[in-house]
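Presented below is the structure to which this report refers.
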Amino acid sequence: MTITIDIIGLETLNGGTSYQGWLIVDGVAKPISKFTNPSGLVKLEVLVSDIEKATQFVVTIEPKGDNDNIPSDAKILVGILKVLLHSLVFRLLLQILPMFQVSFS
38 MTITIDIIGL ETLNGGTSYQ GWLIVDGVAK PISKFTNPSG LVKLEVLVSD
88 IEKATQFVVT IEPKGDNDNI PSDAKILVGI LKVLLHSLVF RLLLQILPMF
138 QVSFS
């Protein structure tokens, strides 16, 4: 399954830092892809089993050289995910970005 993020106004990261998506499944952060250039649509591949059980979707800024599976404290987007009638609903909890859209396919 693919999560697609369309963000307007998000800066390209330099100096080794990167954005990273996370799904929170049973209280545990499951890492998704890292990306540095948010131009256009950013597509993040996730396991269907994770998205079906996920309760939150998070985007963080990860430091240079980061290779652990723990999200940094620099959370720029946090939202609640719910599965309703075989579709996903995203409700924003925290937004530091100017404009964005998250979709699932």
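The sequence shown begins at 38 in my numbering and counts up by one.
Cβ atoms here follow ideal geometry from the backbone N, Cα and C, with glycine treated the same way.
Bear in mind the structure is a predicted one, so any value in this text is a computation, not a measurement.
Buried versus exposed, by CB contacts within 10 Å (16 or more), residue i
i	result
Leu81	buried
Val65	exposed
Inter-residue CB distance, residue i and residue j (contact presumed, cutoff 8 Å)
i	j	result
Ile61	Gln93	4 Å
Val95	Val115	5 Å
Ile113	Thr97	7 Å
Leu50	Thr73	5 Å
Where residue i falls: helix, strand or coil (DSSP)
i	result
Ser55	strand
Lys101	coil
Ser109	coil
Ser86	helix
Ser70	strand
Leu49	The sequence as given places Thr at residue 49; Leu does not occur at that position. Of the three classes helix, strand and coil, the one that applies to Thr49 here is coil, per DSSP.
Gly116	strand
Cβ neighbours of residue i in the same chain (closer than 6 Å, five flanking residues each side left out)
i	result
Lys67	Leu60 and Asp87
Ile71	Note on residue identity: the sequence assigns Lys, not Ile, to residue 71. Hits under 6 Å: Ser55 and Gln57.
Asn106	Pro68
Asp103	none
Sequence-distant residues of its chain with Cβ nearer than 7 Å to residue i (five each side left out)
i	result
Val83	Met38, Ile40, Leu60 and Ile69
Glu99	Thr54, Ser55, Gln57, Lys71 and Ser109
Lys101	Gly52, Gly53 and Thr54
Ala111	Thr97 and Ile98
Beta-carbon proximity list for residue i, same chain, < 8 Å, skipping 5 on both sides
i	result
Lys90	Val62 and Asp63
Proximity test, residue i beta-carbon vs the ligand SAH heavy atom, cut-off 7 Å
i	result
Lys112	Annotation note on the ligand SAH: not contained in the displayed structure, which lists no ligands.
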